[in-house]
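Visitor: Heads up, the sequence shown is in this note's numbering, so the first residue is 69 and it goes up one at a time.
All residues carry an ideal CB built from backbone N, CA and C; glycine is no exception.
In this text, all values refer to a predicted model and were calculated from it rather than measured experimentally.
Let me begin by handing over the structure; questions about it come next.
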Amino acid sequence: EFLRESFAALRHLRPGKWIYTAHAKITDFVQYEHLKDLASALREHPQLRATLGDYLVKPDLVVAREPVDEHEINVGSAIVDEQVATLTPLRAANQSKRILHASISCKWTIRSDRSQNARTEALNLLRNRKGAAPHVVIVTAEPLPSRLASVALGTGDVDCVYHFALYELRTAVKNVGDETSQEMLQLLIDGKRLRDISDLPFDLAT
69 EFLRESFAAL RHLRPGKWIY TAHAKITDFV QYEHLKDLAS ALREHPQLRA
119 TLGDYLVKPD LVVAREPVDE HEINVGSAIV DEQVATLTPL RAANQSKRIL
169 HASISCKWTI RSDRSQNART EALNLLRNRK GAAPHVVIVT AEPLPSRLAS
219 VALGTGDVDC VYHFALYELR TAVKNVGDET SQEMLQLLID GKRLRDISDL
269 PFDLAT
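This is how it looks when you write it as structure tokens:
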């Protein structure tokens with residue numbers, strides 16, 4: 069609800085018809101519709117999972133955009149017709165599937181034995197797409213900087229980790245007086261790997 073309302077408030081920065089869905093199948097989106105055949109094969113032959121791995125990610129929350137019809141595109145002047153831009157997925161005349169804009173993994177806390185699951189899901193989304201890559205982010209309430217670092221440090225998979233109370237966490241860590249935790253938290257922030265939840269709608273609008 070937070071994301072729906074905040075992103076709607078920024079629609080002048082990122083216009084479009086946006087859909088918010090929990091636990092959607094990625095094969096429902098245009099960048100991943102080619103994986104439907106793989107999904108069918110895995111259902112018929114479960115033993116293939118040992119070889120192929122789990123390519124069929126089901127994100128906790130997704131933000132998707134509806135394709136745009138001709139009237140909306142040509143509202144100011146004649147921009148497209150049946151002879152131009154015939155392959156772009158943004159035009160509803162070309163295809164009807166939604167376009168995955170963001171995949172959001174929601175973790176109340178980050179267990180040390182499962183810290184890499186979200187990153188593995190992110191890599192699967194990036195490697196197996198056809199077309200534009202979606203934003204891939206993690207939202208968490210994890211209070212320990214060391215565990216935040218386990219999913220936030222590094223680049224190439226997750227865009228960024230967002231904390232639901234980053235400003236309060238900084239104050240709490242400072243009050244505890246643990247220099248190692250303070251340094252790690254500041255490193256993640258300065259390194260552009262950790263942001264507050266209030267930053268998320270703006271980052272999705274970029």
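Report the rounded CA-to-CA distance for ARG215 versus GLN254, giving the unit in angstroms.
Guide: CA-CA distance, ARG215 to GLN254, rounds to 14 Å.
Visitor: Closest by CA to PHE232, which one among GLY84, LEU78, THR177?
Guide: THR177
Visitor: Beta-carbon within less than 7 Å of GLY84's beta-carbon, same chain only, minus the 5 sequence neighbours each way: which residues are those?
Guide: ARG133
Visitor: Taking the alpha-carbon positions, what's the VAL138 to ILE167 distance?
Guide: Reading the sequence as shown, one finds Glu at residue 138 and not Val. Each residue's Cα considered, the two are about 17 Å apart.
Visitor: Suppose you measure from the CA of LEU194 to the CA of LEU129; what does that come to, to the nearest Å?
Guide: 16 Å
Visitor: Quick one: what does DSSP say LYS93 is sitting in, helix, strand or coil?
Guide: coil
Visitor: Using 8 Å as the cut-off, can you tell me whether the region 256-267 makes contact with the region 231-246, which would need three or more C-beta pairs spanning the two stretches below that distance?
Guide: yes
Visitor: Measure the Cβ-Cβ separation of LEU272 and VAL131 and say whether it is below 8 Å.
Guide: yes
Visitor: Per DSSP, which one or two residues make a beta bridge with SER145?
Guide: The partner list for SER145 (beta bridge, DSSP) is empty, contrary to what the question assumes.
Visitor: Under 8 Å, with one C-beta from each stretch per pair, do the region 152-168 and the region 98-107 reach the 3-pair mark?
Guide: yes
Visitor: Could you tell me whether the region 219-232 touches the region 200-208, where touching means 3 or more Cβ pairs closer than 8 Å?
Guide: yes
Visitor: Between GLU210 and LEU106, what straight-line distance do the alpha-carbon atoms span, to the nearest angstrom?
Guide: 35 Å
Visitor: Between which two residues does the alpha helix (DSSP H) holding LYS198 run?
Guide: Unbroken run through LYS198: none, as it is neither H nor E.
Visitor: DSSP three-state call for ASP105: helix, strand or coil?
Guide: helix
Visitor: Considering only their Cβ atoms, is the gap separating VAL219 from ALA186 smaller than 8 Å?
Guide: yes
Visitor: Are the Cβ atoms of PRO127 and ALA92 separated by less than 8 Å?
Guide: yes
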